[in-house]
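Peer 1: In the working numbering, the protein residues as written are 392 to 1099.
All C-beta atoms, glycine included, are put in the ideal place defined by N, C-alpha and C.
The structure presented is a predicted model; accordingly, all values stated were derived computationally and were not measured.
My questions will all concern the structure given below.
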């Protein structure tokens, strides 16, 4: 940013001054512009029609809002990495020649090369959209993870084995490979395992199967030790002998059970009959549940070392245990590693060569590219900023797109078509009730619509700024087109009432009178229809009563009918007089108006009609005029989380441009003959003539020209 004061240019639209940001110098010196002159100081990252990734990159504190300092910082960062600030104004794809940072330019070329576009001269947002694809196309992407692609056969086999046994590490390209820690762990555990294997004891004292003998001893060791302890206790105290063997009651309990295969109850009995000084039988007299295990020990351990034996003393058992102790110690030293399933010869071959050194060299090469790979994210940031920053500034610092109508603003969600109109000022809302509470301060007529399409739903607030509201009501349906051109079914769910146009305000008094007259006529007609129905029902009921009187039962007990009321001459005369006075008064009033109007000069008559219309429509038009010229966009956006910094007015001419009325296209042909038009009736003329005659008669009676 330059320290020399910058000369900003302003344009006036919407009733207030807005800064022009169409030069690189304007953006470069934006920090100099007093923020009181900014149209907005904050905007949400959601609910606006702008690239979400760009907004996320600018929103450095990730609080969901882009604020003025963050926008300035983004512009300054972009300019610092470009040769000219005018590149931001130009927008579009970023030419490699416009990048002012050589390291960043090299990273951009690396991105294009990884995508197979090594000869390209520019890089776009779309090129940076798939980071995984970019890194997958790089030989070294800086994450220190190496996969087997393109490597020697032995390297590929080693990496596959490491991934299988130790688990792979996902690299930036999405493939699994191995990193420095994995390689070091593999060779360390492989060396330890090989050393342990080489230290294994072999055929000690003529024992051919040391491992098998050890397993056989391990299977019965605790039971044999238990047996000899019982024998020693019997020698210690003869009374213990009977108690240390199974009791009679125990065998009685066993007799009631199914003993096929022995089972846990049999296995719990002593290994053999316990007597003082007894040896362990190896063939006869062994607990059936342990017979197979004792036989395995006899074959694998006793017979090779002691020859054929029928029994085994405690001293001999201790000697045998000692002779396989080295094997037990060796097994106890076995390293815990998943590599124990790997063939010993294969593992030895991997340890013998330079495989480890070559793998570590590949890892080091990939790690060396870390700095360049880290610049990939900066390339993505720069291409987003070049494409979007200038446009964002013109939808933030000023509302250029909105007021010049050259493009839709970032807060405009689309266009609503309804009631023969298209409403361009439509904003997304999350909660219509909460939004309307603040948006009503805008003075704009708003229709909140639920918009749906298969699997999707949203709510928009549509501003109607031209036409009238006669046919706008909750439940009215229309079509909403979003910024991608997709159509949504739209239904009005809530309306915030405000004047829409001067035309509506002018005709509103007459429409109210016509509506009132229509309602009164409907009420009068309904009352007369009900009275007619009641009279008909009464007549039918009386006819039924007379028919009932003709029956024999009714004749036997005739009912007395009430005599008809006598004709009240005075009452009738009063009613007639009242009707006459009313007709006379109406006629007199009409005659007075007509006489006064006819008494005017010809040139005065239009003025009188205009004056009458002004008296009727003037107050409504004046009130609507002041409200319409003070409509404010700010509350509509503030209700969505914006911080609008000025009165963004929507005056009458501009508001009219935001809502387009239906009109025939230029050059269209129009046939004026309507075969279904209503036929003209003479009755309106007859009624008008009678009204004039009644007025004249009333005037004559009032003035005394006619006397009775």
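So what does DSSP say about residue 694, is it helix, strand or coil?
Peer 2: Of the three classes helix, strand and coil, the one that applies to residue 694 here is helix, per DSSP.
Peer 1: Give a yes or no on contact between the region 1057-1073 and the region 848-859, applying the rule of three or more CB pairs nearer than 8 angstroms.
Peer 2: No, they do not touch.
Peer 1: Could you give the DSSP three-state label for residue 408: helix, strand or coil?
Peer 2: The answer is strand: DSSP assigns residue 408 an E or B state.
Peer 1: DSSP beta-bridge partners for residue 848?
Peer 2: Residue 848 pairs with 843.
Peer 1: Which same chain residues end up closer than 7 angstroms to residue 591 when comparing Cβ atoms and leaving out the 5 residues on each side of it in sequence?
Peer 2: 721.
Peer 1: Beta-carbon within less than 8 angstroms of residue 739's beta-carbon, same chain only, minus the 5 sequence neighbours each way: which residues are those?
Peer 2: Excluding sequence neighbours, residue 739 sits near 585.
Peer 1: Is it buried or exposed for residue 710, if we count other Cβ within 10 angstroms and need 16 for buried?
Peer 2: It is exposed - the Cβ of residue 710 has fewer than 16 other Cβ atoms within 10 Å.
Peer 1: What is the DSSP secondary structure of residue 1051, reduced to helix, strand or coil?
Peer 2: DSSP places residue 1051 in strand when its eight states are reduced to three.
Peer 1: Quick one: what does DSSP say residue 608 is sitting in, helix, strand or coil?
Peer 2: In the structure shown, residue 608 sits in a helix (DSSP, three-state: H, G or I).
Peer 1: Going by Cα to Cα distance, which pick from 913, 428, 805 and 814 is closest to residue 875?
Peer 2: With distances taken between Cα atoms, residue 875 lies closest to 805.
Peer 1: How is residue 472 classed by DSSP in three states: helix, strand or coil?
Peer 2: Note: residue 472 maps to coil in three-state DSSP.
Peer 1: Between which two residues does the alpha helix (DSSP H) carrying residue 587 extend?
Peer 2: Its alpha helix (DSSP H) spans residues 571-589.
Peer 1: Check each candidate in 447, 822 and 863 and name the one with the smallest Cα separation from residue 808.
Peer 2: Of 447, 822 and 863, the residue nearest in Cα terms is 863.
Peer 1: Use the C-beta contact count for residue 879: other C-beta atoms within 10 angstroms, 16 or more gives buried, fewer gives exposed.
Peer 2: Buried is the call here.
Peer 1: Suppose the cutoff is 7 angstroms on Cβ atoms and the five residues either side in sequence are ignored; what does the same chain contact list for residue 600 look like?
Peer 2: Answer for residue 600: 691, listed in chain order.
Peer 1: Which residues does DSSP list as the beta-bridge partners of residue 342?
Peer 2: It is not possible to answer for residue 342, since the shown part of the chain is limited to 392 through 1099.
Peer 1: Which first and last residues belong to the alpha helix (DSSP H) in which residue 646 is found?
Peer 2: 639-646 is the span of the alpha helix (DSSP H), which, as asked, contains residue 646.
Peer 1: Put residue 427 into one of helix, strand or coil per three-state DSSP.
Peer 2: In this structure, residue 427 counts as helix in the three-state DSSP scheme.
Peer 1: For the beta strand (DSSP E) containing residue 871, name the first residue and the last one.
Peer 2: Segment 868-873, the beta strand (DSSP E) holding residue 871.
Peer 1: Whose C-alpha, out of 569, 449 and 488, is nearest the C-alpha of residue 467?
Peer 2: Of the listed residues, the one whose Cα sits closest to residue 467 is 449.
Peer 1: Under 8 angstroms between the Cβ atoms of residue 548 and residue 622?
Peer 2: Taking 8 angstroms as the Cβ cut-off, residue 548 and residue 622 do not qualify as a contacting pair.
Peer 1: Less than 8 angstroms between the CB atoms is what I'm expecting for residue 677 and residue 696, so what's the real figure, rounded?
Peer 2: Not really, about 19 angstroms apart at Cβ, beyond 8 angstroms.
Peer 1: Given residue 964, which residues of its chain have a CB within under 8 angstroms of its CB, disregarding the five upstream and five downstream residues?
Peer 2: Here the model assigns residue 964 a pLDDT of 49, short of 50, so the residue's position is not dependable, and the following value carries that caveat. Cβ within range, chain order: n/a, list empty.
Peer 1: Just confirm the distance between the C-beta atoms of residue 506 and residue 489, as a whole number of angstroms; I'd bet it's less than 8 angstroms.
Peer 2: At roughly 19 angstroms, the Cβ-Cβ gap does not stay under 8 angstroms, so residue 506 and residue 489 are not in contact.
Peer 1: Comparing C-alpha positions only, which one of 787, 747, 517 and 703 sits nearest to residue 483?
Peer 2: Nearest of 787, 747, 517 and 703 to residue 483, Cα basis: 517.
Peer 1: Beta carbon of residue 680, beta carbon of residue 658: below 8 angstroms?
Peer 2: Yes, the Cβ-Cβ distance between residue 680 and residue 658 is below 8 angstroms.
Peer 1: Could you check whether residue 858 and residue 891 sit closer than 8 angstroms to each other, using their CB atoms as the reference points?
Peer 2: Yes, the Cβ-Cβ distance between residue 891 and residue 858 is below 8 angstroms.
Peer 1: Identify whether residue 480 lies in helix, strand or coil by the three-state DSSP scheme.
Peer 2: If DSSP states are grouped into helix, strand and coil, residue 480 belongs with the helices.
Peer 1: Less than 6 angstroms between C-beta atoms, sequence neighbours within five positions excluded: which residues of the same chain meet that for residue 887?
Peer 2: Excluding sequence neighbours, residue 887 sits near 827, 831 and 837.
Peer 1: What is the rounded straight-line gap between the Cα of residue 811 and the Cα of residue 429?
Peer 2: Cα to Cα, residue 811 sits roughly 36 angstroms from residue 429.
Peer 1: I'd like to know whether the C-beta atoms of residue 535 and residue 754 end up nearer to each other than 8 angstroms.
Peer 2: In contact: residue 535 and residue 754 (Cβ atoms closer than 8 angstroms).
Peer 1: For the alpha helix (DSSP H) that contains residue 681, what are its first and last residues?
Peer 2: Where residue 681 is concerned, there is no enclosing alpha helix (DSSP H), given that its DSSP letter is neither H nor E.
Peer 1: Taking residue 893 as the reference, which of 1012, 884 and 844 has the closest Cα?
Peer 2: Of the candidates 1012, 884 and 844, the one whose C-alpha sits nearest the C-alpha of residue 893 is 1012.
Peer 1: With a floor of 4 residues, list each alpha helix (DSSP H) that falls wholly inside the region 784-821, ordered by position along the chain.
Peer 2: Runs found: 791-795.
Peer 1: Give the range of the alpha helix (DSSP H) segment to which residue 449 is assigned.
Peer 2: Where residue 449 is concerned, the enclosing alpha helix (DSSP H) stretches over 443-449.
Peer 1: Any contact of the region 792-801 with the region 863-873, i.e. 3+ C-beta pairs under 8 angstroms?
Peer 2: Result no; under three Cβ-Cβ pairs closer than 8 angstroms.
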